Amino acid sequence: MSLIFRSLSDADLPDVADIEAAVHIEPWSRSQMLGVADLLTGHYAGWVAVQDGRIVAYLITQVVVGEMEVLTVGVAHGFQGRGIACGLLNHAFEQAKIKCIGLSFCFLEVRVSNLSARALYRKLGFVEVGRRIKYYQNSLTGGREDALILRLDF
1 MSLIFRSLSD ADLPDVADIE AAVHIEPWSR SQMLGVADLL TGHYAGWVAV
51 QDGRIVAYLI TQVVVGEMEV LTVGVAHGFQ GRGIACGLLN HAFEQAKIKC
101 IGLSFCFLEV RVSNLSARAL YRKLGFVEVG RRIKYYQNSL TGGREDALIL
151 RLDF
């Protein structure tokens with residue numbers, strides 16, 4: 001059972017869209033995910049984790065003027081809790097540092113209720129630098145919830 005990290009390709013997008021829909025409370029729409037192909041140039045990049053020929057995780061980022069932002073990340077059910085997201089994020093950080101000399105930090109937003117993601121980001125060294133009040137819609141509760149803004153300095 002080998003796990004590899006590689007760049008996201010257009011052919012991967014249907015599988016990535018399926019994972020996104022399965023693991024997020026308010027996922028990007030399928031058309032948004034399929035439209036990522038148009039973004040995977042310039043400032044945007046994506047990676048997937050593949051195990052035994054199957055995409056089990058993905059990550060989409062952008063890098064602008066020395067700043068990296070994680071736009072979306074997901075790990076398929078049945079593969080969560082195995083360190084795949086951690087490995088994929090570290091891979092993305094290393095690739096971004098190679099492409100962008102002077103990359104100084106990464107930031108992201110995470111739902112306050114997403115305790116497993118928050119634990120992962122804390123393990124990677126992210127620190128809370130802000131909060132967006134009622135940023136996310138929550139279809140499970142019918143309300144809204146805050147986003148934490150996290151930052152990792154390189």
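Here the sequence shown is numbered in UniProt numbering, starting from 1 and rising by one per residue.
The beta carbon of each residue, even a glycine, is placed where N, CA and C say it ideally should be.
Predicted, not measured: the structure shown is a model, and the values here were computed from it.
Going by DSSP, Asn138 is part of the beta strand (DSSP E) stretching over 127-138. DSSP places Gln62 in no alpha helix (DSSP H) but in the uninterrupted beta strand (DSSP E) bounded by 54-64. Taken atom to atom, the span from the alpha-carbon of Gly83 to that of Gly142 is near 31 Å. Partner residues in the beta bridge of Gly74, as assigned by DSSP, are Tyr58.
Annotation: the continuous beta strand (DSSP E) that includes Gly46 extends over 44-51. By the neighbour-count criterion, in which 16 or more other beta carbons inside 10 Å mark a residue as buried, Phe154 falls on the exposed side.
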